[in-house]
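Chemist:
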Amino acid sequence: MKEVVRERTLIRLSHYQAVLEGAGIPTFIRNEALAHLEVPIPTFCPALCVVDDQDYDRAIGLLHESAEQAAKASTEDCLCPACGEINPRSFDLCWNCGAELA
Ligand SMILES: [Zn+2]
Numbered sequence: 001m002k003e004v005v006r007e008r009t010l011i012r013l014s015h016y017q018a019v020l021e022g023a024g025i026p027t028f029i030r031n032e033a034l035a036h037l038e039v040p041i042p043t044f045c046p047a048l049c050v051v052d053d054q055d056y057d058r059a060i061g062l063l064h065e066s067a068e069q070a071a072k073a074s075t076e077d078c079l080c081p082a083c084g085e086i087n088p089r090s091f092d093l094c095w096n097c098g099a100e101l102a
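All residue numbers for the sequence shown refer to full-length UniProt numbering, where the first residue is 1 and numbers rise by one.
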């Protein structure tokens, strides 16, 4: 068992876990119960671990890829299908005309 990544919030860890599990790597989250503390203590932050140490390098690679994709997706703009205005990817509705963005 080897720790791959440590985060203050479970939301991000759950996402990472889904990425790794999706690739067939068995994982588990250590300190999951402590994530609900009101004042997070870094040492006790939840950590995503691979069950099999041999999966460690692959896991790091996958998370790297996933982070790159996420960064790319969030910087890409999207065009409103109704008025052609450019909107940030994070918007659900066009800021200009209110149409739903694809
Ligand atoms: Zn629009």
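Even glycine gets a Cβ: it sits at the ideal position worked out from N, Cα and C.
(1) How should Q69 be labelled, buried or exposed, when 16 other C-beta atoms within 10 angstroms of its C-beta is the threshold for buried?
(2) At the level of alpha carbons, what is the spacing between I60 and R30?
(3) Ordered along the chain, which non-local residues of its own chain (more than five positions away) have a Cβ less than 8 Å from that of D53?
(4) Relative to the C-alpha of P81, which residue among W95, K72, A73 and T75 is closest?
(5) Check I29 in the structure and name its three-state DSSP category.
Modeler: Once the coordinates are examined:
(1) Taking the sequence shown and counting its residues from 1, the one referred to as residue 69 is at position 69. So Q69 counts as exposed.
(2) Here the question's residue 60 lines up with position 60 in the sequence shown. Here the question's residue 30 lines up with position 30 in the sequence shown. Answer to the nearest angstrom: the Cα atoms are 17 Å apart.
(3) Looking up residue 53 in the sequence shown gives position 53. Once the five neighbours on either side are set aside, the close Cβ partners of D53 are M1 and K2.
(4) Here residue 81 corresponds to residue number 81 of the sequence shown, with the count starting at 1. Comparing Cα positions, the closest option is W95.
(5) One-based indexing of the sequence shown puts residue 29 at position 29. Three-state DSSP puts I29 in a strand.
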